Amino acid sequence: MCGIVGFTGSQDAGPLLLEGLKRLEYRGYDSAGIAVQSGGVIRAAKASGHLRNLCEQTHDGADLPGVCGIGHTRWATHGAPTVTNAHPHLSDDGVFAVVHNGIIENYAELREELQGRGFVFHSETDTEVVVHLLDCYYKGDLKAAVMKTVSRLNGSYALGVVCADHPGELIAVKSASPLILGVGVGESFFASDVTALVGHTRNVIYLEDGEFASLTPDRITVFDCAGREINKTISRVVWDVEAAEKGGYEHFMLKEIMEQPRALKAAIEPRIKDGRIVLDGVELTAEQLRNIRRVVITACGSAYHAGCVGRYIMEELCRIPVEAEVASELRYRNPLIGQDTLVIVISQSGETADTIAALKECKARGARTLAIVNVVGSTVAKLADDVLYTWAGPEIAVATTKGYTTQVAVLSLLSVYMARKLERIGEERFGELVKGICSLPERCQRAIDLNTHVGYLAKRYHNNSSLFFIGRNLDYAACLEASLKLKEISYIHSEAYAAGELKHGTIALIDEGRLVVALCCYEALFDKLVSNIKEVKARGAKVLAVAQEGNRHIFAEADDVLFAPAIDPLLVPITEIVPLQLFAYYVAKENGCDIDKPKNLAKSVTVE
Ligand code: M6R
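Residue numbers for the sequence shown, in the numbering used here: 1 to 608.
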């Protein structure tokens, strides 16, 4: 969702801001704008639609001279994606320009109050109240005006501010929306995430909620909400700019699918030492684990689907009740969560609003919280009691791939670790599972290599308007993700179904030529799945099966087959999802879809 960038230094700000916004495009947006301060004046340009419109309009930023400015990509919430609603918003006297990510929840009352004081609103956005508040409270002291303004705001906000009276200075404010500061040599930056910074600096400062900062080319000063200066640590980002580029692939999604063997290696290898599982700093003693009565896994979208896989694996191995629930539901019920509950929160970005809210709710109820997160220093990572990073590297495509598989890999490691500590599995089974997990990077590569025909199958099936994914047990858990992958990038309706449920209603929708994708890698239930395949075929369906390599029986049952390499039964979702990610990718490509930036979607859903 909305992306923010800010730059102050000695280079032209316009082109740099546009470049930063380009790197944030993946977050999802429908308009964009920049404002550059120079010689006591702020000049702004905005455009609706693609960022290229803004680049054309400003001659790649050259029309806005100056070395200090802010930029924004907007994902519309309050008001249509028009030029008027696009950020930055300027005060009527032109002294302030503001960009904002998040939602100002009390904007309606602030708007009314400000209108009463004579301020004229031009847009429908919640953000515009911020710029008028600054204008209202500014009496020459920028810091004081910022503090007073922020004290009036409820909701979530990352703000970037420039003031015409303060040449070369940027203000950054963070409260429940992401904002990271970049420390350069003679230049300073801020951005919604590190992908916009790593091309310039890998030295970053993670702001905490309630903090704000003043940035000049040579100095970054961070304050707490009371205005006291605080010392912040400068962290080093571990990956470089190439990791956030396409590297010769046509789409980020394809690159990220292909990166999965490497990502899985990074998630797994450092955690296996001399055949034992070492979970970074996370210490879960046998006694603590014995006191856990239930495990609740919560997340959104694909991260929730990873949780659904984790539920099967963890419950099977640990013999503790494990539930998976979408965070947007969990946060608004009155869940039975207490000190005897381990809550596992999963998020690639670590900034998903519902996931953060569910995590806070569970913490407030006394649960121990453990986060599985990709983005270092993100809100979820900071809030949880313990963190296991997935180390997948930057994920740019909106449709997650390596984010999901590394989440499942980390959940598998955690489950095996817990099961052994609880003595629910013996040394032999522990050894088998560790071996299986260690083989995942190579098995994942094999899953890519085995399915060179997937593009051909996509050509055959891309015209289907609606299809079903069916499976049982872990195959069913993988269906959830396979179905989402296809629908979010190809806009084809699809549903994931527990194969045994088909007969209870949905089979009515199976007709001549309907595509059913049958996941049959969980071999203990293969025969049951074959019965379901026969049922749908008897009603005219075409069946594309995903089976384990070497399974010859499947040829007699299915019309077409994708393959996943053999692996421990508990790990099949990680290998069988790979050909289905590729299938979704090629179907979307056949249909001419904007694969990396599907319509209406944002990479990181930072509002409810
Ligand atoms: O960053 P998160 O993992 O918290 O994001 C959760 C979902 O928004 C995300 O998985 C979404 O469903 C993806 N578009 C799926 O590909």
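C-beta atoms are modelled at their ideal positions from N, C-alpha and C, and glycine is treated no differently. Predicted model only: the values in this text are computed from it and were never measured.
Counting C-beta pairs with one atom in each stretch, the segment 28-45 and the segment 162-171 have three or more that are closer than 8 Å, which means they touch. Annotation: residue 113 is outside any beta strand (DSSP E); the continuous alpha helix (DSSP H) that includes it extends over 107-116.
Here the distance from the Cβ of residue 574 to the nearest heavy atom of the ligand M6R is not below 8 Å. Within the model, the alpha-carbon separation for residue 420 versus residue 350 is close to 29 Å. Between the segment 577-588 and the segment 1-8 there are fewer than three inter-stretch CB-CB distances shorter than 8 Å, so the stretches are not counted as touching.
Taking residue 305 as reference, the option from 404, 212, 329 with the minimal CA-CA separation is 404.
In the three-state DSSP reduction, residue 500 falls in the helix class (H, G or I). Your pair residue 388 and residue 274 does not check out as a contact, with CB atoms roughly 20 Å apart and the cut at 8 Å. 9 Å or more divides the Cβ of residue 129 from the Cβ of residue 103. Taking the C-beta atoms as reference points, residue 240 is found no nearer than 9 Å to residue 397. Apart from the 5 residues on each side of it in sequence, residue 511 sits with its Cβ closer than 6 Å to the Cβ of 540 in its chain, given in chain order. In the displayed model, residue 66 falls within coil according to three-state DSSP, outside both helix and strand. Per DSSP, residue 412 is one residue of the alpha helix (DSSP H) stretching across 402-421.
With fewer than 16 other beta carbons inside 10 angstroms of its own, residue 466 counts as exposed. Between the ligand M6R and residue 351, a heavy atom-to-CB distance of less than 8 Å is present. Spatial neighbours of residue 137 in its own chain (CB-CB distance under 8 Å, excluding positions within 5 residues in sequence) are listed in chain order as 144, 145, 148, 149.
According to the DSSP assignment, residue 12 belongs to no beta strand (DSSP E), since it is labelled neither H nor E. Taking C-beta atoms as the reference points, residue 296 and residue 317 fail to come closer than 9 Å. For the ligand M6R, no non-hydrogen atom lies closer than 8 Å to the CB of residue 310. Between residue 290 and residue 422 a beta carbon distance of about 7 Å is seen, short of the 8 Å cut, so the two are scored as contacting. Relative to the ligand M6R, residue 371 has its C-beta separated by 8 Å or more from all heavy atoms. DSSP places residue 300 in the coil class of the three-state scheme, outside both helix and strand.
Residue 89 carries a strand assignment under DSSP once its states are collapsed to helix, strand and coil. Taking 8 Å as the cut-off, the C-beta of residue 599 does not count as close to any heavy atom of the ligand M6R. Note that the segment 342-356 does not touch the segment 443-460; fewer than 3 beta-carbon pairs, one per stretch, sit closer than 8 Å. Just measuring C-alpha positions, the residue of 383, 375, 408 sitting nearest residue 395 is 375.
Taking non-hydrogen atoms of the ligand M6R into account, the C-beta of residue 260 is found less than 8 Å away from none of them. Here the alpha carbons of residue 183 and residue 450 stand approximately 45 Å from one another. Going by DSSP, residue 560 is part of the beta strand (DSSP E) stretching over 560-564. At a cut-off of 4 residues, the continuous stretches assigned as alpha helix (DSSP H) that sit fully inside the segment 111-196 are 128-137, 142-151. Residues 174, 382 of the same chain have their beta carbon placed closer than 8 Å to that of residue 208, with the five preceding and five following residues left out of the count. By the Cβ rule, the segment 18-27 counts as touching the segment 191-199, because three or more pairs are nearer than 8 Å. Taken through DSSP and simplified to helix, strand or coil, residue 101 comes out as strand.
In the three-state DSSP reduction, residue 72 falls in the strand class (E or B). Excluding its 5 nearest sequence neighbours in each direction, residue 57 has C-beta neighbours in its own chain below 7 Å: 45, 47, listed in chain order.
Judged by DSSP in its simplified three-state form, residue 386 adopts strand.
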